[in-house]
Amino acid sequence: MAKLAVIDIDNTLWDFSQILYKELKALNPSLPPPEKWERWDFFKDYISPKDFYRKIEEIHRRQDEYDVYSEAKDFLSGLKNLGFRVVIASHRSKNAERATLRWLEKHGLSFDELHISYDKTVLFPYCKVIVDDSPLILEKAKMYEILAVGLEHPWNRGNGFLLFSNLLDILTFIEEHVKI
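According to the working numbering, the sequence shown is numbered sequentially starting from 4.
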């Protein structure tokens, strides 16, 4: 049976933070750019949680309008070639599922399952690798002794996580360190 790799979408397969920044800046011009988002809850000083999550929902419902990181397709194909069962897992509303599927298909991204929910940890007991930007998810994955890696962002730096500058470096690391 193939080992499971759980792959996040936002700030893992595409640059969600730049789109979110544009949307939130319209609500509060003093919002700092993503390069300054050093806390996972950076928005609380600038935007109400209600407005923040509303904007995220709006972006997710338009997911199919956005591009992917240039190496996303090769990264996911590489995981499949290594024998992983790839589950794309995203913390988002079921209302965004159609747009998310269209986006995955539009960009030819290889995956076995799409998991849309507000709790990715239900996948952890079956998982060998987690690729995510959330320090909360990376920390929980480490507690399960899962290889937890991600792309480096200001909000996940300095926490002892395995962070990389691009997805192909993550793929190389997984290939070298995970027995399948």
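Each residue gets a CB set at the ideal place from its N, CA and C atoms; glycine is no exception.
Within 9 Å, strictly: CB atoms of residue i and residue j
i       : j       : result
Asp-67  : Trp-106 : yes
Asp-135 : Ala-144 : yes
Asp-54  : Leu-27  : yes
Asp-13  : Lys-123 : no
Ala-99  : His-63  : yes
Leu-30  : Ile-50  : yes
Val-71  : Leu-104 : no
Phe-45  : Pro-52  : no
Tyr-69  : Trp-17  : yes
Cut-off 8 Å between Cβ atoms - residues of its own chain near residue i, not counting five sequence neighbours on either side
i       : result
Ser-168 : Leu-154 and Glu-155
Ser-33  : Tyr-49
Pro-157 : Pro-37, Glu-38, Lys-39, Trp-40 and Glu-41
Gln-60  : Here residue 60 is Glu; the residue named in the question, Gln, does not match the sequence. Cβ neighbours of Glu-60 beyond the five flanking positions: Arg-95, Ser-96, Asn-98 and Ala-99.
Ile-149 : Phe-127, Cys-130, Lys-131, Val-132 and Ile-133
Cut-off 6 Å between Cβ atoms - residues of its own chain near residue i, not counting five sequence neighbours on either side
i       : result
Leu-165 : Val-152
Val-9   : Val-90, Ala-92, Leu-126, Cys-130 and Ile-133
His-118 : Val-90 and Ala-92
Ala-102 : Arg-64, Gln-66 and Asp-67
Phe-19  : Asp-13
Nearest residue (CA-CA) to residue i, options the options
i       : options                              : result
Pro-138 : Gly-163, His-110, Gly-81 and Leu-82  : Gly-163
Leu-79  : Glu-38, Leu-170 and Tyr-69           : Leu-170
Leu-7   : Glu-116, Trp-17, Tyr-56 and Phe-87   : Phe-87
Ser-96  : Leu-112, Gly-111, Phe-45 and Tyr-121 : Tyr-121
Gly-161 : Glu-142, Glu-148 and Glu-179         : Glu-142
Lys-109 : Ile-140, Ala-75 and Gln-21           : Ala-75
Ser-3   : Thr-15, Pro-35, Lys-182 and Ser-20   : It is not possible to answer for residue 3, since the shown part of the chain is limited to 4 through 183.
According to DSSP, residues forming a beta bridge with residue i
i       : result
Phe-167 : Leu-154
Phe-87  : Lys-6
His-94  : Ser-120
Ala-22  : According to the sequence provided, residue 22 is Ile. The question's Ala does not apply to it. The partner list for Ile-22 (beta bridge, DSSP) is empty, contrary to what the question assumes.
Trp-40  : According to DSSP, Trp-40 bridges with nothing at all.
Trp-17  : Asp-13
Val-132 : Ala-8 and Leu-150
Same chain, Cβ closer than 7 Å to residue i, neighbours up to 5 away in sequence not counted
i       : result
Lys-58  : Leu-23, Glu-26 and Leu-27
Tyr-147 : Phe-127
Local Cβ density within 10 Å of residue i, reported as buried at 16 or more and exposed below that
i       : result
Thr-175 : exposed
Trp-43  : exposed
His-180 : exposed
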